[in-house]
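Numbering (the UniProt record's numbering), first residue to last: 1 to 229. Backbone N, C-alpha and C define an ideal beta-carbon position, used for all residues, glycine too. What follows is a single structure, written as structure tokens, with notes after it.
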Amino acid sequence: QPIQDSDSDFRDSSSDGSSDCEPERGSNVLRETRNHYMASEMSLRMDRLSMGDQQILQEDLSSDEGELVNSSCLIFEYFERDPPYSREPLADKIADLAFQFPELKTLKSCDLLSSSWISVAWYPIYRIPTGPTLKDLDACFLTYHYLHTPIGGGESAQAPFITCPNDMDDVPKMSLPVFGLASYKYKGSLWTPNGTTDCHLANSLFQAADNWLRLLHVNQPDFTFFCRR
Numbered sequence: 001q002p003i004q005d006s007d008s009d010f011r012d013s014s015s016d017g018s019s020d021c022e023p024e025r026g027s028n029v030l031r032e033t034r035n036h037y038m039a040s041e042m043s044l045r046m047d048r049l050s051m052g053d054q055q056i057l058q059e060d061l062s063s064d065e066g067e068l069v070n071s072s073c074l075i076f077e078y079f080e081r082d083p084p085y086s087r088e089p090l091a092d093k094i095a096d097l098a099f100q101f102p103e104l105k106t107l108k109s110c111d112l113l114s115s116s117w118i119s120v121a122w123y124p125i126y127r128i129p130t131g132p133t134l135k136d137l138d139a140c141f142l143t144y145h146y147l148h149t150p151i152g153g154g155e156s157a158q159a160p161f162i163t164c165p166n167d168m169d170d171v172p173k174m175s176l177p178v179f180g181l182a183s184y185k186y187k188g189s190l191w192t193p194n195g196t197t198d199c200h201l202a203n204s205l206f207q208a209a210d211n212w213l214r215l216l217h218v219n220q221p222d223f224t225f226f227c228r229r
């Protein structure tokens, strides 16, 4: 079901509770290969997801010199199309996709191409306080992050980096720097304490997200929706 183009999807809530955001996402992962892969359809639809079951046919394509052709293969793609408040939380969605496609848990970031990415949509679900600043807390964000980890650190793109835990029982945490951003109801001094500097940064990140999707020829439903607002 496509995202509805009405403010009802961003309905206000004045319920008491802790402040939180509900994230959802889209992702696109590619892996470099030595062989050329052909797939009948690698684009994963919302109602029928597929990874290994849409049979990938491996062919040893040789050039005139008998060398294998270097290429890349789209191995997973998912775009959320449900209305924002009908979606699963990010952690639940990732767990669900990992259960359906266990191959995802075998991928390493260093094996992915630099064009592999994930986007996360952040929508407010509880707001405190509920006074005059309520309208400033209606902002929604769509952030873009690279999944590729460069080897040797020679690439200019910001890559994920890991923070090692101080506690023995803790687990390492990976930070995914933002390279693109789209926003809705991004107004008020609450979000732009530095004035025009923050606005210029937001505009720059929005242009970066737009350029990225155009470069990859991707039609992302969430980005299209944010652009209409």
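Straight-line CA distance for serine 115 to glycine 180? On the sequence shown, residue 115 is found 115 positions in, with the first residue counted as 1. On the sequence shown, residue 180 is found 180 positions in, with the first residue counted as 1. Cα to Cα, serine 115 sits roughly 13 Å from glycine 180.
Return the chain-ordered list of same chain residues with a C-beta closer than 7 Å to the C-beta of glycine 66, the five sequence neighbours on each side being excluded. As a position in the sequence shown, residue 66 is number 66, starting the count at 1. Any reading at glycine 66 needs caution, since the residue's pLDDT is 37, under 50, leaving its predicted position unreliable; the model's value is listed next. Nothing listed; no residue qualifies.
Taking the beta strand (DSSP E) that phenylalanine 226 falls in, what are its first and last residues? Working through the sequence shown from its first residue, we reach residue 226 at position 226. Premise fails: phenylalanine 226 lies in the alpha helix (DSSP H), 221-228, not in any beta strand (DSSP E).
With DSSP as the reference, identify every bridge partner of isoleucine 118, one or two as the case may be. On the sequence shown, position 118 is the one that residue 118 refers to. DSSP, once it has assigned bridges, lists Ser27 and His145 as partnering isoleucine 118.
Can you list, in chain order, the residues of its chain with a C-beta nearer than 8 Å to that of residue 233? Leave out the 5 residues immediately preceding and following it. Any question about residue 233 goes unanswered here, given that the chain covers just 1 to 229.
Provide the residue(s) that pair with serine 140 in DSSP beta bridges, ordered along the chain. Stepping through the sequence shown from its first residue, residue 140 is reached at position 140. According to the sequence shown, residue 140 is cysteine rather than serine. Partner(s): Tyr184.
Between the Cα of lysine 185 and those of Thr197, Arg228 and Leu90, spot the shortest distance and give me the residue it belongs to. In the sequence shown, the residue the question calls residue 185 occupies position 185. Of the candidates Thr197, Arg228 and Leu90, the one whose C-alpha sits nearest the C-alpha of lysine 185 is Arg228.
Express the C-alpha separation of alanine 202 and proline 102 in angstroms, rounding to a whole number. To locate residue 102, count along the sequence shown from 1; it is residue 102. To locate residue 202, count along the sequence shown from 1; it is residue 202. Those two C-alpha atoms are separated by around 36 Å.
Relative to the alpha-carbon of proline 150, which residue among Thr106, Leu104 and Leu112 has its alpha-carbon at the smallest distance? Taking the sequence shown and counting its residues from 1, the one referred to as residue 150 is at position 150. Proline 150 has its Cα closest to that of Leu112, out of Thr106, Leu104 and Leu112.
Count the other C-beta atoms from every protein chain shown that fall within 10 angstroms of the C-beta of alanine 209, then say buried if there are 16 or more, exposed otherwise. Taking the sequence shown and counting its residues from 1, one reaches residue 209 at position 209. Looking at its Cβ environment, which holds 16 or more other Cβ atoms inside 10 Å, alanine 209 is buried.
Going by DSSP, what residue range makes up the beta strand (DSSP E) through residue 239? The chain is shown only over 1 to 229; residue 239 falls outside these bounds and no answer can be derived.
Secondary structure of leucine 112, DSSP reduced to three states: As a working mapping, residue 112 is identified with position 112 in the sequence shown. Residue state, collapsed to three classes: strand.
Using the Cα positions of leucine 216 and aspartate 198, report the straight-line distance between them to the nearest angstrom. Here residue 216 refers to the residue found at position 216 when the sequence shown is read from its first residue. Here residue 198 refers to the residue found at position 198 when the sequence shown is read from its first residue. Going by the C-alpha atoms only, they are around 27 Å apart.
Could you check the C-alpha separation between methionine 46 and serine 119 for me, to the nearest Å? Taking the sequence shown and counting its residues from 1, the one referred to as residue 46 is at position 46. Taking the sequence shown and counting its residues from 1, the one referred to as residue 119 is at position 119. With a pLDDT of 32 at methionine 46, under the threshold of 50, the predicted position of this residue should be treated as unreliable, and no value is reported.
Spatially closest choice to proline 89 from Leu147, Ala121 and Pro193, by CA coordinates: Here residue 89 corresponds to residue number 89 of the sequence shown, with the count starting at 1. Minimum Cα distance to proline 89 is reached at Ala121.
Quick check on DSSP: helix, strand or coil for phenylalanine 76? Reading the sequence shown from its first residue, position 76 is the one you call residue 76. Phenylalanine 76: strand per DSSP, three-state reduction.
DSSP three-state call for phenylalanine 101: helix, strand or coil? For the purposes of this step, residue 101 is taken as the residue at position 101 of the sequence shown. Here phenylalanine 101 sits in coil by DSSP.
When the distance is taken between beta carbons, is lysine 105 closer than 8 Å to alanine 98? Here residue 98 is taken as the residue at index 98 of the sequence shown, counted from 1. Here residue 105 is taken as the residue at index 105 of the sequence shown, counted from 1. Yes, the Cβ-Cβ distance between alanine 98 and lysine 105 is below 8 Å.
Quick check: what's the CA-CA separation for threonine 143 versus leucine 205? Numbered from its first residue, the sequence shown carries residue 143 at position 143. Numbered from its first residue, the sequence shown carries residue 205 at position 205. Threonine 143 and leucine 205: Cα-Cα distance of roughly 9 Å.
Looking only at its own chain, which residues have a Cβ that is under 7 Å from the Cβ of serine 109, when we skip the five neighbours before and after it? Mapped onto the sequence shown, residue 109 falls at position 109. Excluding residues within five positions, the ones whose Cβ falls inside 7 Å are Leu147, His148, Thr149 and Pro160.
Proximal residues to proline 193 (C-beta, below 8 Å), its chain only, five neighbours per side dropped: As a first step, residue 193 must be located in the sequence shown, where it is residue number 193. Here the set comprises nothing.
How far does the alpha helix (DSSP H) with arginine 214 in it extend, from its first residue to its last? If you number the sequence shown from 1, residue 214 lands on position 214. Its alpha helix (DSSP H) spans residues 196-216.
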